[in-house]
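In the working numbering, the protein residues as written are 161 to 1137. All residues carry an ideal CB built from backbone N, CA and C; glycine is no exception. Data block below; observations after.
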């Protein structure tokens, strides 16, 4: 007689020993037939089970071979088990041969006995049914086990197994075996945090085993999970079990007669340990010491600094002198000092950041500090079912403290007064989880005294009186790695370092995301990390992949966003709109001005919306006037924008921001470069105010910081068909390039913008891009390409009759000829440039033309004349406050002095130039200055000074990939004696 096993790895037993079934395809074929035992399974369905949707070309022959092999294996009893029946195959399985059928028969018997209250039979049938399980069904048959039909069948079997275990526990509780089942029940309840039946059974088992505190803790943990995840309260059966606990608790601790609230503090006996001297409110029982914290997170990791901060606030040793104490310890009261009241502590942070886990962790650590009890409540501040009201929470707290419901007032303020009276003088800790705002929290706070309140919220709650705030940030790299190792094992994640790095990046340090990933890896041991890393690719289903069961990152974000969007407050609804529009521009940060452009509002209104988002931890502010979205929140915001903002609304918002950037870049360029001519401004209405730059260094710093956003803006402008914006952004980086040309960033932007201009036949854009691309080539000594683009630009602007542009381009041609050693043509073009500048009346640009004349004269050997011209240029530039150009002219003047043998004059000019370059953080210019100074020291035999300059130049070149400076430095060092 054959026996088949699916309740674990697939096995076949011939009655004597296991029969080997080798090969994944044949095992899948057998499993697919066993899942529909004694029924015809279509051949197409079997082929899909074995190969998936992409069938090989040889599928018919291969399938026939596998079917033949399976027949041979199953022929151990001499029977033909595998029958060919149109349109497929049927596997004959007799009664008792398939463990799944035996299990289901035993389960039905256990269920009937449970209904009849025959607990001994329930126990026997359940044990027999559960003994058939050897592991997870089909666990060895991936990816077949993940297909819809087998996956559903496995889920049904797992549910049936869990039901049988619950029936068995019910039998144990009725048969008095409560102590024996506590450990097993606790493990199952932890694995199934939303399964009410298991928690009800665990509560009863713990209670009947004398572990009342643990039983109450189970109830509160279940209640919090249900409210947090599903927005619902525990069912009737759980509440009945909880009432049983309460009833027996009161029987063991009967309440004394109520005392009148009119009796003052001196009317009763003195307070007991840890108690105040105030009278107990009317209707109060002997005050119990409840301990209601939910279960702690077993894998709690990191947060050492935050833990220490909260502990310090809840254990503050600060004391205050009594009124009649002068603080010296020798006052009228003999130096008696009383403990200072503890301030409310708020742990804040974005959804999924681990606020509750930290609060519970700390609350357990300070349990001995609050011997009068710990009250816990989930305020459901962001639950889809609505926040809990203070009135109901006060009533529950009072009941937990022994105050009889019959004497509770209807008014919330009166109820709060009664609550404060009940906790006054008592060392009680209130843990108020998931609070919405100060209005919800205010009535629940204890009075000044030894009690404390520990609050968690997605909002900062800075408006809570006397609050001490502990904000949470994403976990650091080491903490992320430690948490993931605890969740799925260190060995599981160390073999694929690249995939691990991608996974950690995708999770963004969010503990909730890491827990989901850890759970997924632990439950799928055959998965390589690379597979999960691919599914977590940003904007390609990452948020959908960060979900497991009822726990999902998106659902957590939903609670914050939807609460704001549905608010009755106009400002909060506008902040929700701002949040989703910020998703159009993530991952880049915004300022109040750029955000005003994106939102189409005033700077003041944009600032108000952004600050609300910061308070709600939907946006963070890493520095003054900078606002950014966490990577996962940015992806979520982008999805919300796609779902809720119309296409025209998205395009209008994006164009407003791109226009603002184009104008801001032009402003920065004008300050940083003192350019002789700027492109014509964009048409259209002026938007929000642009950045203001006092000096070149400010404009350069802004452009460098915003460069990733500017590159993104060029791409977006091209996608929207706005070549006019794209080329202005690229051309406007000229100011940045005067000090950072060597990075290659400007070249890339110019090429991208030229492609866009060519695609849209933008003649003006092409003219300006040729002009600036030529400059970029010239800076990098790519002389032939430089000349080609200069000639192209000159043709455009000559046709347009733009003499100012022609003057500038002729000056660039002059510089190019000097650079390649043609002094005569360099001088000729410089003089033509100078005359055109004079003709159009552009005195500010005449200094630039004179500088080029000086360069040509130097090449011709007319050093004194060149020095005189440079000195004249330098005087003009000092008046214009043009730092970059001034440094360049000083460097050239210093080199002429070197050639003329004037050591002091040369080093004086070069030292001033070096100071300017360093002040502007101009790394390329700094390297240039160091090279020129090295040559000066070398010429005058100052070998140590020359070596020091060359070594500094080489260091800058190596750190920033400046090939020219690296080669020049090594050659200079080699030339030293």
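Here the alpha carbons of residue 789 and residue 749 stand approximately 7 Å from one another. Taking a cut-off of 8 Å on C-beta distances, the stretch 278-285 does not touch the stretch 161-169, as fewer than three cross pairs fall below it.
Setting aside the 5 residues that flank it on each side, residue 723 is surrounded in the same chain by 541, 542, 596, each with a C-beta closer than 8 Å to its C-beta; the list follows chain order. When DSSP states are grouped into helix, strand and coil, residue 593 belongs to the strand group.
Annotation for residue 345: the continuous alpha helix (DSSP H) segment containing it runs 338-351. By the beta-carbon neighbour count (other beta carbons within 10 angstroms, threshold 16), residue 909 is buried. Counting only residues of its own chain and dropping the five nearest sequence neighbours on each side, residue 521 has a CB closer than 8 Å to the CB of 456, 457, 460, 463, 467.
Taking a cut-off of 8 Å for Cβ pairs, the stretch 1051-1061 and the stretch 812-831 do not touch, as fewer than three such pairs fall below it. Around the Cβ of residue 1035, a 10 Å sphere holds fewer than 16 other Cβ atoms; the residue is exposed.
Looking at the DSSP output, residue 708 bridges to 711. Contact annotation: the stretch 1079-1092 touches the stretch 1111-1126, with at least three C-beta pairs closer than 8 Å. Straight-line measurement puts the Cα of residue 992 at about 15 Å from the Cα of residue 1015. Proximity to residue 975 across 964, 990, 1066 peaks at 990, based on C-alpha coordinates. A Cβ-Cβ separation of about 12 Å leaves residue 322 out of contact with residue 345 under the 8 Å criterion. If you ignore the 5 residues before and after residue 219, its C-beta comes within less than 8 Å of the C-beta of 207, 211, all in its own chain and listed in chain order. Contact check for residue 901 and residue 936: beta-carbon distance about 7 Å, within the 8 Å limit, so the pair qualifies. Using a Cβ-Cβ distance cut-off of 8 Å, the stretch 736-745 and the stretch 771-781 are in contact, since at least three pairs of beta carbons, one from each stretch, lie closer than that value. Rounded to whole angstroms, the gap between the alpha carbons of residue 923 and residue 973 is 22 Å. Taken in chain order, the complete beta strand (DSSP E) segments of 3 residues or longer contained in the stretch 235-320 are 242-245, 248-251.
Under the criterion of beta carbons closer than 8 Å, residue 777 and residue 509 qualify as touching, at roughly 6 Å. Looking at the DSSP output, residue 535 sits in a beta bridge with 590. For residue 914, the secondary structure class from DSSP, reduced to helix, strand or coil, is helix. CA-to-CA, the gap between residue 209 and residue 642 works out to about 39 Å. Look at residue 619 here: in three-state DSSP terms it is coil, with no helix or strand label. For residue 1000, the enclosing alpha helix (DSSP H) stretches over residues 983-1000. Cβ neighbours of residue 686 within its own chain (closer than 8 Å, five residues either side excluded): 302. Residues of the same chain with a CB within less than 8 Å of the CB of residue 881, apart from the 5 flanking positions on each side, are 920 in chain order. DSSP places residue 868 in the uninterrupted alpha helix (DSSP H) bounded by 856-879. Under the 10 Å beta carbon count, residue 794 is surrounded by 16 or more other beta carbons and is classified as buried. In the three-state scheme derived from DSSP, where H, G and I count as helix and E and B as strand, residue 371 is classed as coil.
Around the CB of residue 1122, 16 or more other CB atoms lie within 10 Å, so the residue is classed as buried.
Here residue 766 really is in contact with residue 755; their C-beta atoms are around 4 Å apart, less than 8 Å.
Membership of residue 657 in the alpha helix (DSSP H) is indicated by the continuous run 657-667. Taking a cut-off of 8 Å on C-beta distances, the stretch 1120-1137 touches the stretch 1087-1104, as three or more cross pairs fall below it. Beta bridge pairing from DSSP links residue 164 with 172, 258. One Cα belongs to residue 334, the other to residue 279, and the distance between them is close to 7 Å.
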